[in-house]
Amino acid sequence: MPTASAPPKRRPPGLIQGLRSGDTFAHVLTLLCAASILLVTVALVQQLYVNSTGALHKFGFRFLTGRTWDPVSGDFGALPFVYGTLVTSALALLVAVPLGVGAAIFLSELAPPRISNAMTFVIELLAAVPSVIYGLLGMFILVPFLRQYGEPFLKHTLGFLPLFRGPMYGVGMLAGGLVLAIMVVPFIISLSREVLLAVPVEQREAALGLGATKWESTWQVVVPYARIGIMASVFLALARALGETMAVTMVIGNDPKINASLFAPGYSIAAVIANEFAEATGDLYIQALVELGLVLFALTIVINGLARIVIITTTQKGSAH
Amino acid sequence: MKKLSILSMILLSATFVLASLVAFHSSRSSATPIPAPDTIMLNGAGATFPYPIYSKWFSDFNKIHSGIEINYQSIGSGGGIRQLLSGTVDFGASDPPMTDEQLGHAKTKILHFPTVLGAVVPTYNIPGISQELSFTPEVLVGIYLGRITKWNDAEIAKSNNGVNLPAQDIVVVHRSDGSGTSYVWTDYLSKVSPEWQSKVGRNTSVNWPVGLGGKGNEGVTGLVKQTPGAIGYVELIYAVQNQIPYGRVRNAAGVFVKADLAGVTAAAASFAKTMPEDFRISITNAPGKAAYPIASFTYLLIPTKIEDASKRQVIKDFLTWMLNDGQKEVEALSYSRLPKEVVARELKQISQIQ
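Line order of the protein sequences matches chains F and G. Counting from 0, one number per residue, gives the positions in the first sequence under numbering that gives the first Met the number 0. Counting from 0, one number per residue, gives the positions in the second sequence under numbering that gives the first Met the number 0.
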């Protein structure tokens, strides 16, 4: 509304009404924007459900516990894919969270501003690299490295754990998790750094004033203060890891079996949908693939729900927020 | 002023609703480009394997018949069949022939026109071995069932005299994406082994007993090249164009054959007499001394009934051209051409399109 910028005291009563109706207008417009997101989500679930009803009725809950994926005989179970998705994502977070949060603390609290800015630029660049590039990186650098050095080393040192046993192909769950870790680290660093920088200076000054060292003020005051934002960055990273397709399928080995060893090949939900959908023939086969999509959607909702609960409970007994 | 705002608000939300409706609608029916007034436009979709030769054919056909445009989307055989059955394309294309169940879903009878031939070859990476290996069907089945696990297995050594095979573990590699290549490979294994047929079977993707999955021919090749002791299978064209070494396979006549374009055509020719009316036949494990045993047709799927007379004529013209002049172009792109007997029978089949 052009009239909105006029000086307030010279505004005749009609214009105030105009402003008010402008408010209504903006209100409805933004409401529509928000509603459209909800509409897309509802439509998504509805379409996934409608297009998988046959498989839903045929397999029921057996779909979630089944370990066979046999397009020839029409026997479909999602468990190996759910397992592969969860294990690779968990592995990615296990590596990426300490690395990312550590780097963010350095960049926001300890590094000289010039270095911090330059590195942040590079990190934000990394966050924008397409996933197929990470897949190629994994296939040509990480996988040969793991096969020749990484996995033999792990087998030698930690081979008493079932996690690090069996034949070493290079490709497998370990490679999948590590590629995901490399992909999500930039998100964690970039967001966590912003959150840490937003912590009020008074907090630091108060801690230092009470006789804390620089590190004590960082670790015991600044980081707890920014805790919720850091967690949010971790959940965003997790969301990306759960749904990542291309980079994972290039290094995970694509074998729908459940194996305790991280060296063994696995498969993820997003990867199998992308791989098999184009050539899938037969109604039940396609419906099973769509149902996998539904499972991934549900998995994301459950994990995000758990994340909310974690944030709420820690906030209640927490100090800062 | 207030009235104006409310009015613009209503207009805006109406546009919003309309736009979302249009978006919803167009997402359901695949968007077809608007043709120029005097062009006849045909849309097809399907198999990726013949895409290079199809796009060359369609562009060459357009050069000699200006005003005709044939669009082809290589979305995969399964997708091509689905789109044909739902009527969103004028013709489909598929590597495996349509099943009876799929044909049952069709509104009008659908004809299969073989266009070119392809083959699948075994490729491997054994440290210290530069010779060409020979594979019997039993060895390939044994390896892919996970029964043969070492390269120096007696069964492999039997057909490779003079090759010093190491005691290396075999790493099996297969395609992870659904593909016609996997279909041909598993179809062959099913034909030569009842055990494979009952345990695994044939499809664009199957429940593999062992092995790692690589995405696409390039993914399989990458894994085989990187992993010592690996064996995989790729399309002959891909192996030829990328100079990937591959092994010989023993055919049904007992001869070890190295795949080449002529050997694949010979495989199809050896089935010419027994070929069913509708061309839906697998030509793996072909009889005949020169025949390479892991080969297949790829098909164009054409409905018998085409309402639009001009489109009907274009399809008939194209098929005739493809079977005559078009066949001369295929070998330049490393595809095998159809045997004469098959071409003659396909030309007869064209008259069924009405």
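We put the CB at the ideal spot given by N, CA and C, even for glycine.
CB of residue i within 8 angstroms of CB of residue j, strictly
{"i": "G/S133", "j": "G/S158", "result": "yes"}
{"i": "F/G171", "j": "F/A263", "result": "yes"}
{"i": "G/I301", "j": "G/F90", "result": "yes"}
{"i": "F/F296", "j": "F/L47", "result": "yes"}
{"i": "G/G228", "j": "G/W150", "result": "yes"}
{"i": "F/F62", "j": "F/E201", "result": "no"}
{"i": "F/I251", "j": "F/Y82", "result": "no"}
{"i": "G/E154", "j": "G/V138", "result": "yes"}
{"i": "F/L288", "j": "F/A277", "result": "no"}
{"i": "F/D254", "j": "G/L41", "result": "no"}
{"i": "G/G117", "j": "G/P208", "result": "no"}
{"i": "G/T203", "j": "G/Y187", "result": "no"}
Proximity winner among the options, relative to residue i (alpha-carbon distances)
{"i": "G/S333", "options": "G/S189, G/P51 and G/F278", "result": "G/P51"}
{"i": "G/D37", "options": "G/L346, G/T220, G/H64 and G/E137", "result": "G/H64"}
{"i": "G/T80", "options": "G/A289, G/V254, G/G103 and G/I69", "result": "The sequence shown places Ile at residue 80 of chain G, not Thr. Out of G/A289, G/V254, G/G103 and G/I69, G/G103 has the C-alpha closest to the C-alpha of G/I80."}
{"i": "G/I318", "options": "G/P113, G/G66, G/F48 and G/G78", "result": "Here residue 318 of chain G turns out to be Leu, not Ile, going by the sequence shown. Per the Cα distances, G/P113."}
{"i": "F/L124", "options": "F/P143, F/E278, F/I227 and F/M182", "result": "F/M182"}
{"i": "F/T314", "options": "F/G281, F/I227 and F/D254", "result": "F/I227"}
{"i": "G/Y53", "options": "G/G86, G/S93, G/I142 and G/N124", "result": "G/S93"}
{"i": "G/T297", "options": "G/S309, G/Y237, G/S281 and G/E306", "result": "G/S281"}
{"i": "G/V162", "options": "G/P126, G/L222, G/S76 and G/G177", "result": "G/P126"}
{"i": "F/G101", "options": "F/A259, F/T217 and F/V294", "result": "F/T217"}
{"i": "G/T47", "options": "G/D59, G/Q72 and G/M97", "result": "G/Q72"}
{"i": "F/F186", "options": "F/I268, F/I300, F/P111 and F/A231", "result": "F/A231"}
{"i": "G/R344", "options": "G/I147, G/G141, G/E276 and G/R174", "result": "G/E276"}
Which of helix, strand or coil DSSP assigns to residue i
{"i": "G/S335", "result": "strand"}
{"i": "G/N350", "result": "Rather than Asn, the amino acid found at residue 350 of chain G in this sequence is Ser. G/S350: helix per DSSP, three-state reduction."}
{"i": "G/L235", "result": "helix"}
{"i": "G/T382", "result": "No information on residue 382 of chain G is available, as it lies outside the stretch 0 to 353 that chain G covers here."}
{"i": "G/A92", "result": "strand"}
{"i": "G/F57", "result": "helix"}
{"i": "F/K256", "result": "coil"}
{"i": "G/K149", "result": "strand"}
{"i": "F/G165", "result": "coil"}
{"i": "G/I39", "result": "strand"}
{"i": "G/E340", "result": "helix"}
{"i": "F/D22", "result": "helix"}
{"i": "F/V183", "result": "helix"}
{"i": "G/N323", "result": "helix"}
{"i": "F/I132", "result": "helix"}
{"i": "F/D282", "result": "helix"}
{"i": "G/Y172", "result": "The identity of residue 172 of chain G in the sequence shown is Val, whereas the question assumes Tyr. DSSP places G/V172 in strand when its eight states are reduced to three."}
{"i": "F/F144", "result": "helix"}
{"i": "G/H104", "result": "coil"}
{"i": "G/I381", "result": "Since the displayed chain G opens at 0 and closes at 353, residue 381 of chain G lies outside it and no answer follows."}
{"i": "G/I63", "result": "helix"}
Own chain residues within Cβ distance below 8 angstroms of residue i, not counting five before or after
{"i": "F/L135", "result": "M249"}
{"i": "G/F23", "result": "Bear in mind that the predicted position of G/F23 carries a pLDDT of just 46, short of 50, making it too unreliable to give a figure here."}
{"i": "F/G158", "result": "R164"}
{"i": "F/T52", "result": "Q286"}
{"i": "F/E150", "result": "F163, M167, G169, L173 and F262"}
{"i": "G/N61", "result": "I67, E68 and I69"}
{"i": "F/G65", "result": "F58, D74, F75, G76, A77 and L78"}
{"i": "G/S26", "result": "Model confidence at G/S26 stands at a pLDDT of 43, short of 50, so the residue's coordinates are unreliable; what they give is reported in the following sentence. Cβ within range, chain order: n/a, list empty."}
{"i": "G/R249", "result": "S133, F134, T135, P136, S158, F255, V256 and P292"}
{"i": "F/S130", "result": "M182, E243, T244, M245 and A246"}
Residues of its chain near residue i, where Cβ-Cβ distance is below 7 angstroms and the 5 sequence neighbours each way are ignored
{"i": "G/Q353", "result": "T303 and K304"}
{"i": "G/P338", "result": "T264, A267, A268 and A271"}
{"i": "F/L195", "result": "A103, I104, S107, E108, V221 and A225"}
{"i": "F/S88", "result": "L179, L237, A240 and L241"}
{"i": "G/L222", "result": "V172, L211, G213, A229 and G231"}
Whole-number beta carbon distance between residue j and residue i, since they are thought to touch under 8 angstroms
{"i": "G/M180", "j": "G/E234", "result": "Reading off the sequence, residue 180 of chain G comes out as Thr, not Met. The Cβ separation is near 5 angstroms, so the contact holds."}
{"i": "G/R336", "j": "G/V115", "result": "7 angstroms"}
{"i": "F/V233", "j": "F/V86", "result": "Actually they are not in contact, since the Cβ atoms of F/V233 and F/V86 sit about 17 angstroms apart, beyond 8 angstroms."}
{"i": "F/L283", "j": "F/A54", "result": "6 angstroms"}
{"i": "G/N124", "j": "G/K257", "result": "Not really, about 18 angstroms apart at Cβ, beyond 8 angstroms."}
{"i": "G/T122", "j": "G/A261", "result": "No, G/T122 and G/A261 are not in contact; Cβ-Cβ is about 20 angstroms, not under 8 angstroms."}
{"i": "F/I132", "j": "F/S189", "result": "Between F/S189 and F/I132 the Cβ distance is about 18 angstroms, and since that is not below 8 angstroms, they are no contact."}
{"i": "G/A285", "j": "G/A251", "result": "7 angstroms"}
{"i": "F/V198", "j": "F/L98", "result": "So it is not a contact: roughly 21 angstroms between Cβ atoms."}
Own chain partners of residue i with C-beta closer than 6 angstroms, once the 5 adjacent residues on each side are dropped
{"i": "G/K106", "result": "none"}
{"i": "G/T226", "result": "V170"}
{"i": "G/T185", "result": "R201 and V205"}
{"i": "F/G175", "result": "T87, V247, V250 and I251"}
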